[in-house]
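Structure first, commentary second.
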Amino acid sequence: MSARGLGPISCLALLLHGAIAMAQDHSHHQVLQPATAEEHPEEPGRGEEHATHDTSPPPSDQPETPPMNHTAMGHTMPPASDQPRQPIPVLTDADRDAAFPSVSGHAAGDRQLVSFVEFNRLETWNADEGTGLFWDARAWTGYDVNKLWLRTEGERIDGSTESADIELLYGRAVARWWDLVAGVRHDLEPGESQSWAALGVIGLAPQKLEVEATAYIGDSGRTAARLEVEYELLLTNRLIAQPLVELNLLGKDDPERAQAAGFTTVEAGLRLRYEFNRKLAPYVGIVYERALGDTADLRRLDGNDIDDTRVVAGLRMWF
Amino acid sequence: MFRDSRFGRGGVPPLSRRRFVQGLAAGGVLAGTSWPRSLWALKSDSEQQVLAGTNFDLVIGETAVNFTGRTRPAITVNGSLPAPVLRWREGTTVELRVRNAIPESSSRGHETSIHWHGILLPANMDGVPGVSFNGIGRGETYRYRFEVRQSGTYWYHSHSAFQEQAGLYGALIIDPAGAEPFHYDRDYVVLLSDWADLDPDALFARLKKMSDHDNFYRRTVSDFARDVQRSGWSATVADRLMWGEMRMTPTDLSDLNANTYTYLMNGTTASGNWTGLFRSGEKVRLRFINGSAMTYFDVRIPGLKMTVVAADGQPVHPVSVDEFRIAVAETYDVLVEPSGQDAYTIFAQDMGRTGYVSGTLGARAGLRAPVPLVDPRPILTMADMGHGDAHSAHDADTRPDASQSDAEHADHDMSTMRGMNHGGGAMDSMSTMSDGADAMQSHPASETDNPLVDMQVMAPASRLDDPGIGLRDNGRRVLTYKDLHAAFEDPDGRDPARDIELHLTGHMERFAWSFNGIKFTDAEPLKLNYGERLRIVLVNDTMMTHPIHLHGMWSDLEDDEGRFHVRKHTIDMPPGTRRSYRVRADALGRWAYHCHLLYHMEAGMMRVVRVEE
């Protein structure tokens, strides 16, 4: 170890220190304080150690030290050699016994299972037919790269479920900001329940746009897609506006559910939340929803509105 | 200039109303054993427990503490938080019997350990479970026994998951075999640390779920409007677009701050006002130790110059400063000569400027001097992160403090970021970089397309002469690594025969941390040959600052010319830096090597180093 051999060297260095302080080259070390008398008491002690332990007095060093200036001090001398100034201790069996004890491996937290649940939107509003309730929640459990995702979204009006789906996805981080997800989606409403295979991405697009894009394939050639993009606009660090757009797409007409191929619905919302703490934030928002393309025509034919604007109040929370 | 405490403090810190920043005046360990102070006791009137000699019995248990108004369990040594000051003497052989008395009901696990930070010893005495030994099971006693081969200020702490952040840390003072290299009349340990009421496991999980939980300083719409007014629409938009492109936040200075932590000085909150006594004209040695889990402190004593005489326990040429930044796990010994005032404030604010802890040097107990305001919060620039040329950070030095001129920042960012059409790291057009940039930094293949690496530095520099983010041009003389000159020659003297380059990597959002993009569990040990002299080159590919600690051997930091500069056990690596140090592999065995931000270590920024014959 070094402290043992450090004795002679630091002794030398400190001896020189006083001398150097007097002839100090201030241009190099303005910060250096003049050596004080107190520094010298070290020498006797270090000297003893020198005599006792020093196995490699480097006499060749000494001629080089007197002209030393501050740049040289402690840095450049002597010319590097293959031999260490302090010899490397010769190993004993005791050293070897102490070096590699049998151990069971270090328990690190870098594979710790983490679980997360978030209600991004959980809100209610006054609908014509009664009280509306909407939820959009996601949860994951897993590790940095591999995760199991659960997502659900749905709407209830006046106690009856208008739409509800749930997805179970395996997610894998494939790029710096993107997780690839694959799994199944099951729609409980509207109409008869139906299932889809799902493939998509969850991630953070440039400018910190939070993106979820998923494509679905059902039986008898049905296809669909859903895109959700949201952003956080900080009015203050606790009062946060969240614009969100959700777009739905269908590959094949679905008369049973009054939907046609193409873009079916778009929802645009602006929610203003206040983060009392990070985990719990009540919000109010305004949401505009509209049927698109042929789906809009179908709704018109049925005598339904094709758009709807609602004022919502809700809670955003995670744990 | 001093004030009696009943008149309150000089300044009104912006966070002073918050109970958990200052903590309770009478906080701390609720029930502890009182240990007699020995002959070697520090000349202190504080309540620090000091154990000295060569034989020690340390009992690790769970103790109720209260720093914030809430009673919480802490892991303690002999019922004390911080753990007792241990005082050894160079050249003696110490024996420490450490018993695990953590109750079964504890959430902190059944195993414990003590690691002697910065101490040279046989590998099986180093105290890292699974690396140096198997830990100390409940009810068991482990006997540490080794020769003390160095002197200076060090510390010790648990290396078992999350026990250090729960309170198991203490000062370790080793008196030299001979006389001290400097004279002083009084000697105090000033151990800084961070306390969270939240259970460390829950805190780690929270970081994984929402890493920016504590960043309540993100730029808002009104900041945007102000910046537009000051520096124009296009510069401001371009600045926001750049950060948006990287998906990062320039106010992200530390993962955790005073929104989570209460800062402690010798186990006392600012309200508790730890006090060290002096008589006018005396020379006082203050042994600063940063025993925090995650907090860098900037330390100063308004009205006093501090003469730094040792870093990480090793003597340096004395350097007189007003302020220094102390990375997690570092130690600095300073000498001060208070006179002319009856009281001085020891002020330690966190690097993110969210809180502080303070204590007092007083002519008698109960005095207080004015407590400064926490400094304005700095804002990271692209240059800070090594995305501009090496000189850019220094350009910043010539300007007013960052946070006082956000508008200029926008301009500054622009100037250093011109031509950067990157996707969060990869720079496509180096040719447009301003002059002086080093050759483009290359990166290990394991970082490429690695979803756990969110950034790569393009033009890192050593920045040994940089006081650091938030400390540039603050009107005070701030210590830099360049100021630290070892007071002794390179004890080895050989030139390194080979280089090992390691990149510090991570992903802020996923809170994953690693070396070279490979987490601890997935990484092979780093192999060194017994007796060799090698150079470790670290490159920081993250926007955070990391204190890197190698167990068992010294880290001999090199200057910009590649020469031995200062001997340390923990090397601070700010964002945008590339620093090198020499290692003499004279300690056979398995050693831990890791970031000392404990949640980064836990998340994977750790390796095992094997020194083999």
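Protein chains in written order, with our numbering: chain A, 1 to 319; chain B, 1001 to 1613. Even glycine gets a Cβ: it sits at the ideal position worked out from N, Cα and C. Quick caveat: nothing in here was measured; it's all calculated off a predicted structure.
With 16 or more other Cβ atoms from the protein chains shown falling within 10 Å of its own Cβ, Q1048 (chain B) counts as buried. Within a 10 Å sphere around the beta-carbon of N146 (chain A) sit fewer than 16 other beta-carbons, which makes this residue exposed.
Contact between the region 1348-1356 of chain B and the region 1314-1324 of chain B is absent, with fewer than three C-beta pairs closer than 8 angstroms. In the assembly as shown, Q1441 (chain B) is a buried residue. Its beta-carbon has 16 or more other beta-carbons within 10 Å. Taking each of B:L1253, B:T1331, B:L1058 and B:R1219 in turn and checking the Cα distance to V1237 (chain B), the smallest one comes out for B:R1219.
In terms of beta-carbon proximity, L234 (chain A) lines the interface with chain B, with at least one pair separated by less than 8 angstroms. Pairwise C-beta distances place the region 1143-1162 of chain B out of contact with the region 1226-1245 of chain B, as fewer than three of them are shorter than 8 angstroms. For Y288 (chain A), the enclosing beta strand (DSSP E) stretches over residues L280 to A291. In this structure, the straight-line span from the alpha carbon of E1524 (chain B) to that of R1607 (chain B) is close to 8 angstroms.
In this structure, the CA atom of H1549 (chain B) is about 21 angstroms from the CA atom of F1488 (chain B). Take K1209 (chain B), set aside five residues on each side of it, and no residue of its chain has a beta-carbon closer than 6 angstroms to its own. For Y274 (chain A), the three-state secondary structure derived from DSSP is strand. Around the beta carbon of P87 (chain A), fewer than 16 other beta carbons sit within 10 angstroms, so the residue counts as exposed.
Looking at the DSSP output, W135 (chain A) shares a beta bridge with A:L122 and A:G154. Under the criterion of beta carbons closer than 8 angstroms, S1193 (chain B) and D1255 (chain B) do not qualify as touching, at roughly 16 angstroms. G191 (chain A) and P243 (chain A) have their alpha carbons spaced roughly 30 angstroms apart. Within the same chain, and ignoring the five residues on either side of V174 (chain A) in sequence, the residues whose Cβ sits closer than 8 angstroms to its Cβ are L180.
Take D253 (chain A), set aside five residues on each side of it, and the residues of its chain with a beta-carbon closer than 6 angstroms to its own are A260 and A261, in chain order.
In the DSSP assignment, Y170 (chain A) forms a beta bridge with A:L148 and A:A182. Secondary structure within the region 1558-1584 of chain B: not one fully enclosed alpha helix (DSSP H) run of 4 or more consecutive residues is present.
Exclusion of the five residues before and after A1512 (chain B) leaves L1452, G1506, K1519, A1603 and G1604 as the residues of its chain whose Cβ lies within less than 8 angstroms of its Cβ. DSSP places H1507 (chain B) in the uninterrupted beta strand (DSSP E) bounded by R1498 to H1507. Under the DSSP definition of a beta bridge, K1527 (chain B) partners with B:R1610.
With 16 or more other Cβ atoms from the protein chains shown falling within 10 Å of its own Cβ, S1151 (chain B) counts as buried.
As the crow flies, the alpha-carbon of A1101 (chain B) is around 6 angstroms from that of R1138 (chain B). Cβ-Cβ distances below 7 angstroms link F319 (chain A) to V117 and K279 in the same chain, with the five nearest sequence neighbours on each side left out; the list follows chain order. Of B:G1079, B:R1099, B:W1155 and B:I1075, the smallest CA-CA separation from D1057 (chain B) is found for B:R1099. V103 (chain A) belongs to the set of residues whose beta carbon lies under 8 angstroms from a beta carbon in chain B.
Along the region 179-211 of chain A, going in chain order, the ones with a CB nearer than 7 angstroms to a CB of chain B are L204, P206, Q207 and K208.
Interface residue (Cβ-Cβ distance to chain B less than 8 angstroms): W125 (chain A) is not classified as such. When rounded, the separation of the alpha-carbon atoms in I1301 (chain B) and R1368 (chain B) is 12 angstroms. Using a Cβ distance threshold of 8 angstroms, D144 (chain A) and E153 (chain A) do not count as a contacting pair. Under DSSP, F1224 (chain B) shares a beta bridge with no residue.
Of A:T295, A:R226 and A:T236, the smallest CA-CA separation from V245 (chain A) is found for A:R226. Within its own chain, the residues whose Cβ lies closer than 6 angstroms to the Cβ of E123 (chain A), once the five positions on either side in sequence are excluded, are F134, V312 and G314, listed in chain order.
Chain B places no beta carbon closer than 8 angstroms to that of R316 (chain A), leaving this residue out of the contacts.
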